[in-house]
């Protein structure tokens, strides 16, 4: 999950700025964690503390608790209204919020069926639209396949066959006309392609940010996959990433990493 957080922090500076190059500073004074990081840590927190008693309601409780603790992390309007309300009813979203926060599930469970089931549970408390659930499952599945030794050809084939995403375009074909799109169907395939075309972790992040648009979330999803496939986050990037977190977020992240990603 550290790769997801790194992608979020690196991409935070470029969100909505339509950057169309891979030549940019990874970190700056303006770099910060956003709701992508906060809710990724919330999912990790559920996994660390719920044990075998995982249920959609546990994710809901944690999402609302984390929202109250980190009010100004930049949540989407629908999530913000849901988190402030007394209702726990999902709001049928197909936004990429469920996909951006799902990475801990891809690391924590040791068979694909469980990963898919837990990804759905983590999504359906808010993003119960079929596209919202599909996006979360696809990212979690790629992470699981990447960390268990599947090659890029196999990953691409599985995602296209199982979820129907078109991964046939190249980044050079996507980049010129790609605009901000916070839907799963408009960002999850692009995040996966950014990984598929990469040569290492940093290159994956640069690919993701270079598309422009919802840069922090695309880089968050790509970064999680790249961590799984390339065997971790480079030390310098990991140290910079952790330095941007407060003590609470850092503690949960390091605990999860030690337990599931060591």
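In our numbering, the protein residues as written are 1241 to 1502. Even for Gly, the Cβ is constructed at its ideal location relative to N, Cα and C. Quick caveat: nothing in here was measured; it's all calculated off a predicted structure.
Would you kindly check if the distance between the Cβ of residue 1457 and the Cβ of residue 1444 is under 7 Å?
Their beta carbons are not under 7 Å apart, which means residue 1444 does not touch residue 1457 by this criterion.
Please determine, among 1288, 1356, 1250 and 1256, the residue with the shortest C-alpha to C-alpha distance to residue 1339.
Measuring C-alpha to C-alpha distances from residue 1339 to each of 1288, 1356, 1250 and 1256 identifies 1356 as the nearest.
Minimum C-alpha distance to residue 1459 - residue among 1288, 1476, 1363 and 1438
When each option's Cα is compared against that of residue 1459, the closest is 1438.
In the DSSP assignment, find the alpha helix (DSSP H) that holds residue 1496 and state where it starts and stops.
Its alpha helix (DSSP H) spans residues 1487 to 1496.
Alpha carbon to alpha carbon, how far is residue 1256 from residue 1403?
The alpha-carbon atoms of residue 1256 and residue 1403 are separated by roughly 27 Å.
Alpha carbons only, please: which of 1275, 1343 and 1390 is nearest the one belonging to residue 1311?
Closest in alpha carbon position to residue 1311, among 1275, 1343 and 1390, is 1275.
Does the distance from the C-beta atom of residue 1262 to that of residue 1452 stay below 7 Å?
In this structure, residue 1262 keeps its C-beta atom at 7 Å or more from the C-beta atom of residue 1452.
In terms of residue numbering, what span does the alpha helix (DSSP H) encompassing residue 1343 cover?
Per DSSP, residue 1343 belongs to the alpha helix (DSSP H) from 1343 to 1348.
Excluding five sequence neighbours on each side, which residues of the same chain lie with their C-beta closer than 6 Å to the C-beta of residue 1408?
Counting only Cβ-Cβ distances below 6 Å, and skipping sequence neighbours, we find nothing.
Quick check on the DSSP output: what are the complete alpha helix (DSSP H) runs of length 4 or more inside the stretch 1367 to 1404, in order along the chain?
As far as the stretch 1367 to 1404 is concerned, its whole alpha helix (DSSP H) runs of at least 4 residues are 1370 to 1387 and 1392 to 1403.
According to DSSP, is residue 1261 helix, strand or coil?
In the structure shown, residue 1261 sits in coil (DSSP, three-state: anything other than H, G, I, E or B).
Nearest neighbour of residue 1363, chosen from 1309, 1395, 1394 and 1303 [CA to CA]
Nearest of 1309, 1395, 1394 and 1303 to residue 1363, Cα basis: 1303.
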